[in-house]
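J.: Take 7 as the starting number for the sequence shown in our numbering and just add one per residue.
We put the CB at the ideal spot given by N, CA and C, even for glycine.
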Amino acid sequence: MPMDTDVRHAVVIGAGMAGLAAARVLADRFEVVTVIERDTLPSASTPRAGVPQAHHVHGLLALGAEVFEGYFPGLRAELEQAGAPVWDWGEGLCAVLPNGTPPPTTMGMPIQTFSRPLLEHVLRQRVTALKPVTLRDGLTVTGLRTAAPGKVTGVRVKGKDGGDAEEIAADLVVDASGRSSHLPQWLAALGLSSPRTTTVDAQVGYASRTYSYPDGQAPPSWRGLLQPLRAPDFHKGCYAIQIENNALHVTLHGANGTQLPHNDDDFLAFAKTLRGPIADTIGSLTPTSAVRRYARTVNRKIAYHRLARWPDGLIALGDSVCTFNPAYGQGMTVAALEARLLEQMLGNRRAGTPLDGQAFQKRLARVTASSWLMATTPDRAWEKSPPAWPVKAGNWFMNRLIDTVPQDPRLYTAFSGMFHMTAGPLTLADPRLLSRVLIGPRPGGSPRMATA
Ligand SMILES: Cc1cc2nc3c(=O)[nH]c(=O)nc-3n(C[C@H](O)[C@H](O)[C@H](O)COP(=O)(O)OP(=O)(O)OC[C@H]3O[C@@H](n4cnc5c(N)ncnc54)[C@H](O)[C@@H]3O)c2cc1C
């Protein structure tokens, strides 16, 4: 691919999922790409302070896996080599849904499960092996460098020890610093107005740990287990996936401020209040980590795309712009889709013109729109104020769909495609599927289970 001559240096703030994906596509277009990361990065696949969510189950949706595989050919095989199992979603998932568990169904939808640190480690190695990319860790970006109002020309950084501040010049700055991004304050320092922030909070909490199988004990027959939350009755649930090192990673979660477990005993006690096999499974396993908790799960969208003025030389993506309640597993896939948008917009520019940051933010808002709806529609049902009728109607439809899924393999497959973003919502416009949803579950077709 020809290198631009006018733009030479891109700086990416943050070496998380969005930062690594962005660096990958920038490396095709910029002579130098510097990724600046606050943490001192581990040389192995271990959790780190800047990504506290890495202690919790991170499922990569099928679409996200496809996009990452496109950017990093052989990624799936490399992760498999590192012990991350690949399995068919319909065959390997035990979905404990409010109206029952669908029987195993071959879907032809390969899924791979691993820990977040492993995925990040492998991607980091791939990205830093790219010739234009330099990773500078242990450096915190403290603000934006500007030459004239309305133009960002780099970043200001300082080292861990609070040492000398430094300025790094760049033709393009990409904010990928995640949920704790300071971009609104940095824009205010440039005299720009504050963007509107929208939040939807189901007050979901997570508690997670890993387990190993005692010698001679086989792993469970399922590869992944999920028990989703649903307002108003199903306020406790879980995720569990088989990951590398022959480990089982388990996340228990609760909505509406549900008290989450702190320690060994609480963890098992919470699991015992759930339907499905999770308590029986972990009861016979050996914990290999402490219980870690996390509660910053609010859906939050910052409307940078609506700002009347946006500086040249700057874009923002990933959780820094739009974060989702992680219970829907969308964040890493959306980060991959945003990198794809960046690639398209860099590729579509007229030769010699810089990237239009404002246009990027507008298109990014469209990329996140359906994931935002997918997460916030059910989450609004947990909020105190009664939801508006479109939200109520959306939730009625989704709940009917999910209640019918255990009895209908075709519907289960269609729903799984939508969940994994490999199929759009129009999948359900097929009259044969739509009518199945509207008719709903057959009474007695599968046992209605007790609420958790
Ligand atoms: C509990 C939990 C569970 C989740 N589960 C899933 C899941 O199952 N599937 C899924 O797809 N997503 C999941 N997510 C979402 C996923 O973690 C994020 O969407 C994804 O990591 C977004 O990537 P990001 O790069 O924007 O942010 P992050 O990955 O958080 O990375 C931000 C990076 O920026 C660095 N940084 C911050 N500030 C600065 C600074 N000033 N200077 C330099 N560096 C800085 C941080 O140290 C960090 O490395 C989950 C999130 C949570 C909270």
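Compare the beta carbon distance of V304 and T205 with 7 Å and say whether it is the shorter of the two.
T.: Their beta carbons are under 7 Å apart, which means V304 touches T205 by this criterion.
J.: Using only CA atoms, which one of A253, K242 and Q248 lies nearest to T264?
T.: Here the closest residue by C-alpha is K242.
J.: What's the C-alpha gap between H472 and I174?
T.: Outside the modelled stretch of the chain, which goes from 7 to 458, sits residue 472, for which no answer is possible.
J.: Where do the ends of the alpha helix (DSSP H) carrying E72 lie?
T.: Looking at the DSSP string, the run of the alpha helix (DSSP H) that includes E72 is A68 to Y77.
J.: Say the cut is 6 Å; is the CB of D414 nearer than that to a heavy atom of ligand 2?
T.: Ligand 2 is absent from the structure shown, which contains only ligand 1.
J.: For K157, which residues in the same chain have their Cβ closer than 7 Å to its Cβ, ignoring the five residues on either side in sequence?
T.: Closer than 7 Å at the Cβ level, and outside the excluded window around K157, lie P317, D318 and G319.
J.: Taking 6 Å as the cut-off, is the beta-carbon of T146 closer than that to any non-hydrogen atom of ligand 1?
T.: Answer for T146: yes, Cβ within range of ligand 1.
J.: Determine the DSSP secondary structure at N305, reduced to helix, strand or coil.
T.: Residue state, collapsed to three classes: strand.
J.: With a threshold of 6 Å, establish whether the CB of D170 neighbours any heavy atom of ligand 1.
T.: False, no ligand heavy atom lies under 6 Å from that Cβ.
J.: Relative to ligand 1, is the shortest distance from any of its heavy atoms to the C-beta of G197 smaller than 6 Å?
T.: Not under cutoff, so the answer is no.
J.: If you draw a straight line from the C-alpha of V17 to the C-alpha of V41, how long is it?
T.: Looking at the two C-alpha atoms, the distance is approximately 6 Å.
J.: Cutting at 8 Å between CB atoms, please list the residues of its own chain near P201, excluding the five before and the five after it.
T.: The residues are P190, L193, I308, A309, Y310, R312 and L313.
J.: Please identify the residue among P110, E72 and L124 whose C-alpha is closest to the C-alpha of S51.
T.: S51 has its Cα closest to that of L124, out of P110, E72 and L124.
J.: Please report how far the alpha carbon of M23 lies from the alpha carbon of T294, in whole angstroms.
T.: When rounded, the distance between both Cα atoms is 25 Å.
J.: Check each candidate in L352, E72, G20 and G423 and name the one with the smallest Cα separation from D45.
T.: Of the candidates L352, E72, G20 and G423, the one whose C-alpha sits nearest the C-alpha of D45 is G20.
J.: Given that a residue counts as buried once 16 or more other Cβ atoms are within 10 Å of its Cβ, and exposed if not, what is P449?
T.: Counting Cβ neighbours within 10 Å, P449 comes out exposed, since fewer than 16 surround it.
J.: Comparing the CB of M23 with every heavy atom of ligand 1, is any distance shorter than 6 Å?
T.: True, at least one ligand heavy atom lies under 6 Å from that Cβ.
J.: Given 6 Å as the limit, tell me if I42 has its C-beta closer than that to any heavy atom belonging to ligand 1.
T.: Under cutoff, so the answer is yes.
J.: Look at the alpha carbon of P8 and the alpha carbon of G80, and state the distance between them as a whole number of angstroms.
T.: Since pLDDT at P8 reaches only 40, below the 50 mark, its modelled position is unreliable, and no value is offered.
J.: Per DSSP, what kind of secondary structure is V297 in: helix, strand or coil?
T.: In this structure, V297 counts as coil in the three-state DSSP scheme.
J.: Rounded to a whole number of angstroms, what is the C-alpha to C-alpha distance between T159 and T152?
T.: The straight-line gap from Cα to Cα measures roughly 5 Å.
J.: State the Cα-Cα distance for the pair E75 and Q118, rounded to the nearest angstrom.
T.: Taking the straight line joining both Cα atoms gives about 12 Å.
J.: Determine the DSSP secondary structure at K164, reduced to helix, strand or coil.
T.: K164 falls in the strand class under three-state DSSP.
J.: Is G337 a contact residue of ligand 1, with contact defined as CB to any heavy atom under 6 Å?
T.: It does: the Cβ of G337 is within 6 Å (strictly closer) of some heavy atom of ligand 1.
J.: Could you tell me the alpha carbon to alpha carbon distance between P431 and S422, rounded to whole angstroms?
T.: Each residue's alpha carbon lies about 11 Å from the other.
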